[in-house]
Amino acid sequence: MNLKNILVAGINEELFQKHLPIDDFHNFRFIPIDEISAEDLTWADVYVGSKPCPGFNLTDIKWVHSFNAGVNNYLELDGWEENDVLLTRTICSFGERISEYCLSYVLKDLQYHTYFEANQREKKWAQITPKMVKNQTIVIFGTGEIGQAVAEAFDQLGATVYGVSQSGKQKAYFKEVTKTTAASPLIERADWVISTLPLTKETDQLFNYELFSHFKSTAFINVGRGSTVDETALIEGLNTEKIRYAVLDVVSTEPLPKNSPLWERDDIVITPHISAVTDLNEAISCFIDTLKKIENNEELSNKVDFVKGY
Numbered sequence: 043m044n045l046k047n048i049l050v051a052g053i054n055e056e057l058f059q060k061h062l063p064i065d066d067f068h069n070f071r072f073i074p075i076d077e078i079s080a081e082d083l084t085w086a087d088v089y090v091g092s093k094p095c096p097g098f099n100l101t102d103i104k105w106v107h108s109f110n111a112g113v114n115n116y117l118e119l120d121g122w123e124e125n126d127v128l129l130t131r132t133i134c135s136f137g138e139r140i141s142e143y144c145l146s147y148v149l150k151d152l153q154y155h156t157y158f159e160a161n162q163r164e165k166k167w168a169q170i171t172p173k174m175v176k177n178q179t180i181v182i183f184g185t186g187e188i189g190q191a192v193a194e195a196f197d198q199l200g201a202t203v204y205g206v207s208q209s210g211k212q213k214a215y216f217k218e219v220t221k222t223t224a225a226s227p228l229i230e231r232a233d234w235v236i237s238t239l240p241l242t243k244e245t246d247q248l249f250n251y252e253l254f255s256h257f258k259s260t261a262f263i264n265v266g267r268g269s270t271v272d273e274t275a276l277i278e279g280l281n282t283e284k285i286r287y288a289v290l291d292v293v294s295t296e297p298l299p300k301n302s303p304l305w306e307r308d309d310i311v312i313t314p315h316i317s318a319v320t321d322l323n324e325a326i327s328c329f330i331d332t333l334k335k336i337e338n339n340e341e342l343s344n345k346v347d348f349v350k351g352y
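Taking my numbering, the leading residue of the sequence shown gets 43, the next gets one more, and so forth.
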C-alpha cells in the first residue's frame, strides 16, 4: 500500500514529531477536526483520529486509524468494503487500565468500604469480615484483548473466571468460554458480570430483560459500550434485586443527561467513561507501529473485522 499523505485530526504535531523517525518521508497535515476540508480529505491517503470529521468520506482514503479501541463511530459510515479501505484501531494499555478499574470496584465491595466509611462518620465500631476475590465467580462478556486482560487480573487473584463471546472460542485465563446464546447457566452462578463488549449489531441492547432475569443478586460492571445495555431493563433488574449493584463507566447517551434516573440511585456508581482514557503517546506509538507493519506487508493484530465490528 502506497501511503504518502497523512491527515491527523488534531493539533498534535509536536508530540508526533517525538515519535517519528528522523528520516520519515511521509507528508503530514495536523488540522483541528472541525476545520478539516473536503480538499484535505481528497489529499489524504491516511486519516488518523478519534472520530470522523464533519463531511468525512472514504472516496480517496486508503487507511483509517482510530485512536480509540472502539470503532463503532467509524463503522456507522458506509463505503468501507466498496472503497477497499483499511480500518485499524488502537491497542495499548487499555486492558491494563480497565482491569485495574474493575478490580478497584470489586475490592471496594468485598472490603465493605462504604460500610466502614459510614460507620466512621458515626464513630461506630462494628466489625464485619471482608470477602476475598478467590471466592468470587466472575463472568466476562467479551474475550478479546481487553476481556483477556481483565480475566488475567482476576485469575491471578484466584477467582473463577468464565468468558462469553460470539464464537465461544476458548481463551487463556478463562476456566471456560461459552457462546452468548448459551450464557445463561454461567450468569446464574456469577457473583459479578463484567461487560467489555464493543457495540455491534449482535451486542446492541444485549443486556436486556431476558438476560438480566438470569442474574441472582449479581453485581454488574459495564466498561464496554453503553448501548449494549437496555437501561430500563437495568433499572428493573435493580428494583427486583436481580442486580445487586451496578458500576457504569459507559452509558447509552454521553454525557449522561441530568434528568436520567441513573443519577439518583444508591445502587449505581457512574463514572464518565474514564476506565481506559487514551494516552496520546501510546496511541501515536500504536499508529506508527501499524504504519510500519503495513508498509512491510506484516500481519496486523489491530485490523478491524467489518463482520465482527471490532
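Beta carbons: idealized from backbone N, C-alpha and C, even for Gly.
Discussion item. Relative to the C-alpha of Thr-222, which candidate in Asp-233, Ala-214, Tyr-215 and Leu-239 has its C-alpha closest?
Written reply: Walking along the sequence shown from the start, residue 222 turns up at place 180. When only C-alpha atoms are compared, the closest one is Leu-239.
Fill in: Pairwise C-alpha distance: Ser-207 and Lys-243
Taking the sequence shown and counting its residues from 1, one reaches residue 243 at position 201. Taking the sequence shown and counting its residues from 1, one reaches residue 207 at position 165. Cα to Cα, the separation comes out at about 14 Å.
Discussion item. With the cut-off set at 9 Å, would you say Thr-156 and Lys-165 are in Cβ contact?
Written reply: By one-based count along the sequence shown, residue 156 stands at place 114. By one-based count along the sequence shown, residue 165 stands at place 123. Cβ atoms of Thr-156 and Lys-165: not closer than 9 Å.
Worksheet entry | At least three beta-carbon pairs within less than 8 Å, the region 273-282 to the region 243-260 | The region 273-282, when compared against the region 243-260, does touch it at the 8 Å Cβ threshold.
Worksheet item: In terms of residues, what are the limits of the beta strand (DSSP E) holding His-107?
Response: As a working note, residue 107 is residue 65 in the sequence shown. Unbroken beta strand (DSSP E) run through His-107: 105-108.
Worksheet item: What residue does the alpha helix (DSSP H) around Thr-274 start on, and which one ends it?
Response: Translated into the one-based positions of the sequence shown, residue 274 becomes position 232. Per DSSP, Thr-274 belongs to the alpha helix (DSSP H) from 273-281.
Worksheet entry | Nearest residue (CA-CA) to Gly-351, options Trp-122, Leu-304, Lys-217 and Val-219 | Translated into positions along the sequence shown, residue 351 becomes position 309. Residue Trp-122 holds the alpha-carbon nearest to the alpha-carbon of Gly-351 among Trp-122, Leu-304, Lys-217 and Val-219.
Worksheet item: Hey, Thr-202 and Ile-180: beta-carbon distance below 9 Å or not?
Response: For the purposes of this step, residue 202 is identified with residue 160 of the sequence shown, where counting begins at 1. For the purposes of this step, residue 180 is identified with residue 138 of the sequence shown, where counting begins at 1. When the beta-carbon positions are compared, Thr-202 and Ile-180 come within less than 9 Å of each other.
Item to complete: Would you grab the beta carbon distance between Val-90 and Leu-49 for me? Rounded to a whole angstrom, and I think it's under 8 Å.
Response: For the purposes of this step, residue 90 is taken as the residue at position 48 of the sequence shown. For the purposes of this step, residue 49 is taken as the residue at position 7 of the sequence shown. Contact holds; Cβ gap of about 7 Å.
Worksheet entry | Tyr-157, DSSP secondary structure in three states | On the sequence shown, position 115 is the one that residue 157 refers to. Three-state result, Tyr-157: helix.
Discussion item. Quick check on DSSP: helix, strand or coil for Ser-207?
Written reply: Residue numbering aside, residue 207 sits at position 165 when the sequence shown is read from its first letter. Here DSSP, grouped into helix, strand and coil, assigns Ser-207 to strand.
Worksheet item: For the beta strand (DSSP E) that contains Gly-91, what are its first and last residues?
Response: Translated into the one-based positions of the sequence shown, residue 91 becomes position 49. Counting along the chain, the beta strand (DSSP E) containing Gly-91 begins and ends at 88-91.
Discussion item. Are the CB atoms of Ala-288 and Phe-262 within a distance shorter than 9 Å?
Written reply: What you label residue 262 is simply residue 220 of the sequence shown in a count that begins at 1. What you label residue 288 is simply residue 246 of the sequence shown in a count that begins at 1. Between Phe-262 and Ala-288, the CB-CB gap stays under 9 Å.
Worksheet entry | Reduced DSSP secondary structure (H/G/I, E/B, other) of Phe-34 | Within the shown structure, residues of the chain are numbered from 43 to 352, placing residue 34 beyond reach of any answer.
Item to complete: For Phe-107, count neighbouring C-beta atoms within 10 Å of its own C-beta (all shown protein chains included) and say buried if the count is 16 or more, exposed if not.
Response: Translated into the one-based positions of the sequence shown, residue 107 becomes position 65. Per the sequence shown, residue 107 should be read as His rather than Phe. It is buried - the Cβ of His-107 has at least 16 other Cβ atoms within 10 Å.
Discussion item. Between the alpha carbons of Ile-170 and Gln-162, how many angstroms are there, rounded?
Written reply: Here residue 170 refers to the residue found at position 128 when the sequence shown is read from its first residue. Here residue 162 refers to the residue found at position 120 when the sequence shown is read from its first residue. One C-alpha to the other measures close to 14 Å.
Worksheet item: How many angstroms separate the CA atom of Ser-141 from the CA atom of Thr-101?
Response: Locating residue 141 in the sequence shown gives position 99, where the first residue counts as 1. Locating residue 101 in the sequence shown gives position 59, where the first residue counts as 1. Near 39 Å, if we compare the C-alpha coordinates of Thr-101 and Ser-141.
Practice prompt. Please say whether Thr-132 and Thr-320 have beta carbons closer to each other than 9 Å?
Written response: Within the sequence shown, numbered from 1, the residue matching residue 320 stands at position 278. Within the sequence shown, numbered from 1, the residue matching residue 132 stands at position 90. Taking 9 Å as the Cβ cut-off, Thr-320 and Thr-132 qualify as a contacting pair.
Worksheet entry | Buried versus exposed, by CB contacts within 10 Å (16 or more), Gly-97 | Here the question's residue 97 lines up with position 55 in the sequence shown. Counting Cβ neighbours within 10 Å, Gly-97 comes out exposed, since fewer than 16 surround it.
Worksheet item: What three-state label does DSSP hand Phe-249 in the structure shown?
Response: Taking the first residue of the sequence shown as position 1, residue 249 is located at position 207. DSSP places Phe-249 in strand when its eight states are reduced to three.
Worksheet item: For Lys-104, which of Ala-111, Leu-117 and Asn-125 has the nearest alpha-carbon?
Response: One-based indexing of the sequence shown puts residue 104 at position 62. Looking at the Cα atoms, Asn-125 is the closest of the given residues.
Discussion item. Out of Asn-54, Thr-84, Gly-52 and Glu-77, which one is the CA nearest neighbour of Lys-46?
Written reply: Start at 1 with the first residue of the sequence shown, and residue 46 comes out as number 4. Answer by Cα proximity: Thr-84.
Practice prompt. Go to Thr-26, then tell me how far its beta strand (DSSP E) extends in each direction, as first and last residue.
Written response: Because the chain spans 43 through 352 in this model, residue 26 falls outside it and cannot be assessed.
Worksheet item: Since Asp-246 contacts Thr-270 with CB under 8 Å, what's their CB separation in whole angstroms?
Response: Counted from its first residue, the sequence shown places residue 246 at position 204. Counted from its first residue, the sequence shown places residue 270 at position 228. With a Cβ gap of about 7 Å, Asp-246 and Thr-270 count as contacting.
Item to complete: Mark Asn-344 as exposed unless 16 or more other C-beta atoms lie within 10 angstroms of its C-beta, in which case mark it buried.
Response: Numbered from its first residue, the sequence shown carries residue 344 at position 302. The residue in question, Asn-344, is buried, as its Cβ has 16 or more Cβ neighbours within 10 Å.
Worksheet item: So what's Thr-270 in DSSP terms, helix, strand or just coil?
Response: Within the sequence shown, the letter at position 228 stands for residue 270. Thr-270 falls in the helix class under three-state DSSP.
Fill in: Assigned secondary structure, Lys-345 (DSSP; H/G/I helix, E/B strand, else coil)
Along the sequence shown, one-based indexing puts residue 345 at 303. In this structure, Lys-345 counts as strand in the three-state DSSP scheme.
Practice prompt. Please report how far the alpha carbon of Glu-187 lies from the alpha carbon of Leu-342, in whole angstroms.
Written response: Within the sequence shown, residue 187 is the residue found at index 145, counting from 1. Within the sequence shown, residue 342 is the residue found at index 300, counting from 1. One C-alpha to the other measures close to 14 Å.
Fill in: Candidates Gln-59, Asp-66 and Asn-54, of which the one nearest Glu-337 by Cα
As a first step, residue 337 is located in the sequence shown; it is residue number 295 there, counting from the start. Each of Gln-59, Asp-66 and Asn-54 was checked against the Cα of Glu-337, and the nearest Cα belongs to Asp-66.
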